[in-house]
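Presented below is the structure to which this report refers.
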Amino acid sequence: AQSVTQLGSHVSVSEGALVLLRCNYSSSVPPYLFWYVQYPNQGLQLLLKYTSAATLVKGINGFEAEFKKSETSFHLTKPSAHMSDAAEYFCAVRGGTSGTYKYIFGTGTRLKVLA
Amino acid sequence: NAGVMQNPRHLVRRRGQEARLRCSPMKGHSHVYWYRQLPEEGLKFMVYLQKENIIDESGMPKERFSAEFPKEGPSILRIQQVVRGDSAAYFCASSPERVEYGYTFGSGTRLTVV
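In the order they appear, the protein sequences are chains D and Y. Heads up: the first sequence is residues 1 to 115, going by the working numbering. Heads up: the second sequence is residues 1001 to 1114, going by the working numbering.
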């Protein structure tokens, strides 16, 4: 069965510092991988997605993620954190045994940006 | 181009009442998905519907929960005789025919059972 593990339910960084949010997946077939951001009391907004075209994926708001098959990882990074990046981030996998339409979400990482 | 519209945004129900959550998909989208987010957890798949058909309801609790997507009008997630454990955020998403590139989520309905 597919699964997603997000290491660290809470991450704090200083404004201007590197953001690194970790995501590891388990899938017996090549997955589609996604990062979503959720601001307080709002829905999920797609940051970026991996669909086997390129291993380094660039998303919105300066975020990017690299698919590493050997490490089964899809970590999210941003070179310089901004106060507006404070939100909850979800990694998700779709495809394979879970079906092409069903997403499996991680439990989320809440990012806090310190002034 | 309006996104996925969910209403109400917030819903308070007393134990034993019924909750009805509505979802209008994006224009041109004929597939609807419902997910539930319990406090401090990620989203969990509940049900996948196309117009007038339930395709996959493997994530729906066996009792009290039902969903529909009629030929006309929004998709409805209905919870009968709500209990405190039903308090959660319920998100709807929609997609066009080809789903491989992901779908669009609505802003959710936050259900509180008192």
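Where a beta carbon is used, it is the ideal one built from N, C-alpha and C, also for glycine.
- In the DSSP assignment, S73(D) falls within the unbroken beta strand (DSSP E) covering 73 to 78.
- Flagged as an interface residue toward chain D: G1102(Y), by a C-beta distance shorter than 8 angstroms.
- If you draw a straight line from the Cα of A1089(Y) to the Cα of P79(D), it comes to about 32 angstroms.
- Listed along chain D, the residues sitting closer than 7 angstroms to F1045(Y) by beta-carbon distance are K102, Y103.
- In this structure, L33(D) lies away from V113(D), with their beta-carbon atoms at least 8 angstroms apart.
- Looking at L76(D), G16(D), Y50(D), the one whose alpha-carbon comes closest to that of G1102(Y) is Y50(D).
- When rounded, the separation of the alpha-carbon atoms in C1092(Y) and S1107(Y) is 8 angstroms.
- Burial of I1079(Y) is indicated by the presence of at least 16 other C-beta atoms within 10 angstroms of its C-beta.
- Within the region 42 to 66 of chain D, those residues whose Cβ lies closer than 9 angstroms to any Cβ of chain Y are, in chain order, Q42, G43, L44, Q45, L46, K49, T51.
- For R1084(Y), the secondary structure class from DSSP, reduced to helix, strand or coil, is helix.
- Judged by DSSP in its simplified three-state form, M1026(Y) adopts coil rather than helix or strand.
- For the region 1038 to 1067 of chain Y, residues whose beta-carbon sits nearer than 9 angstroms to a beta-carbon of chain D comprise E1040, E1041, G1042, L1043, K1044, F1045, Y1048, I1055, D1056, S1058, G1059.
- Residues of chain Y with a Cβ closer than 9 angstroms to the Cβ of F90(D) are, in chain order, G1042, L1043.
- Following the DSSP letters along the chain, one finds N24(D) inside the beta strand (DSSP E) bounded by residues 19 to 26.
- S70(D) carries a coil assignment under DSSP once its states are collapsed to helix, strand and coil.
- Contact fails between the region 1011 to 1023 of chain Y and the region 1048 to 1060 of chain Y, because fewer than three Cβ pairs, one in each stretch, are under 8 angstroms apart.
- The DSSP-derived three-state label of N61(D) is helix.
- A check of alpha carbon separations from P1096(Y) across Y1033(Y), V1082(Y), L1011(Y) identifies Y1033(Y) as the nearest.
- Taking A1(D) as reference, the option from L111(D), R110(D), F105(D), A115(D) with the minimal CA-CA separation is F105(D).
- F63(D) and L47(D) do touch by the CB rule: their CB atoms are close to 5 angstroms apart, below 8 angstroms.
- C-alpha of T109(D) to C-alpha of L7(D): approximately 8 angstroms in a straight line.
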